[in-house]
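Trainee:
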Amino acid sequence: DVKVTQSSRYLVKRTGEKVFLECVQDMDHENMFWYRQDPGLGLRLIYFSYDVKMKEKGDIPEGYSVSREKKERFSLILESASTNQTSMYLCASSLRPQGGETQYFGPGTRLLVL
Amino acid sequence: AQSVTQLGSHVSVSEGALVLLRCNYSSSVPPYLFWYVQYPNQGLQLLLKYTSAATLVKGINGFEAEFKKSETSFHLTKPSAHMSDAAEYFCAVSEGGNAGKSTFGDGTTLTVKP
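Which chain is which? The protein sequence lines are A and B, in order. For the first sequence, this note's numbering begins at 150 and goes up steadily by one. For the second sequence, this note's numbering begins at 34 and goes up steadily by one.
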């Protein structure tokens, strides 16, 4: 079974802090994604990566950056956390960068920015 | 551009009753369509997907969905609801040549009454 793990289930940070969210997948998937999930808004894509060191902006990249130095690891960085970034963050991976591929999700990180 | 509309943010059924969750999509090319389920405090997991084979797709836990091109719909059904079906359900669409990105609907929360 594919396993996607996220470094923290819950995080509390202060406004202005730099925040790192880590995601690791164990099935040699090429694609990795970061979403944020807010009530009534579904999942919104922040960034995705289809290969090591490659990244593309999603629908809401402002205030975020990402890093993919190794195939299995995809990090989301909040350069200066703000209260409007309080949310649930979900990482996902898929085998290949093409349509029809199932995405496999981690359990999520619930981030509270005070 | 691809998009998904889920009709009804909340659906409530009695245990043993039919479950019907509605999804309409928009896509400029033949789409790939997915239903994912999210149980409380977990990530999303795949229920079923349509990839241009049979139009009636069977998934896990007794769910199925029918792709209707003329109606641009992919509604999710289950003949008899169980208490364990209570969760949030997401419809998603992806297109070939889009690097495997999916666009998710806003989600439908299913409540099952005893």
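Glycine included, every Cβ here is placed at the ideal spot set by N, Cα and C. Nothing here was measured: the structure is a model prediction, and the numbers come from that model.
L239(A) versus chain B: which residues are under 8 Å apart at the beta carbon?
Mentor: Those within 8 Å of L239(A) in chain B are G76, L77.
Trainee: Between the beta-carbon of T232(A) and the beta-carbon of T164(A), is there less than 8 Å?
Mentor: Contact: yes.
Trainee: By DSSP, does N74(B) sit in helix, in strand, or in coil?
Mentor: DSSP places N74(B) in coil when its eight states are reduced to three.
Trainee: Would you say E171(A) lies against chain B (beta-carbon separation less than 8 Å)?
Mentor: Output row for E171(A): interface = no.
Trainee: What first and last residue would you give for the beta strand (DSSP E) that runs through D187(A)?
Mentor: Looking at the DSSP string, the run of the beta strand (DSSP E) that includes D187(A) is 180-187.
Trainee: Going by other Cβ atoms of all chains shown within 10 Å of its Cβ, with 16 needed for buried, is S185(B) buried or exposed?
Mentor: One cannot answer for residue 185(B) here, as it falls past the ends of chain B, which runs 34 to 147.
Trainee: In three-state terms, what does DSSP make of I226(A)?
Mentor: Strand, per DSSP.
Trainee: Going by CA-CA distance only, name the one from K101(B), A132(B), L143(B) that's closest to F197(A).
Mentor: Among K101(B), A132(B), L143(B), the Cα nearest to that of F197(A) belongs to A132(B).
Trainee: When you compare the CB of K82(B) with every CB in chain A, is at least one pair closer than 8 Å?
Mentor: So, interface residue.
Trainee: In the DSSP output, what is A125(B) paired with across the bridge?
Mentor: According to DSSP, A125(B) bridges with F67(B), F137(B).
Trainee: I'd like the list of long-range same chain contacts for T136(B), defined as Cβ closer than 8 Å, with 5 residues on each side in sequence excluded.
Mentor: So the list reads Q35, S36, V37, A125, V126, S127, once near-sequence residues are dropped.
Trainee: Looking at the strands, I want to know which residues DSSP matches up with T154(B).
Mentor: Outside the shown range of chain B, which is 34 to 147, sits residue 154(B), and nothing can be said about it.
Trainee: Would you check if the region 238-255 of chain A and the region 172-192 of chain A touch, i.e. whether three or more CB-CB distances between them fall below 8 Å?
Mentor: Cβ pair count under 8 Å is three or more, so yes.
Trainee: On a CA-only basis, which of Q78(B), Y65(B), P73(B) is nearest G129(B)? Give me that one, please.
Mentor: Nearest option by C-alpha distance: Y65(B).
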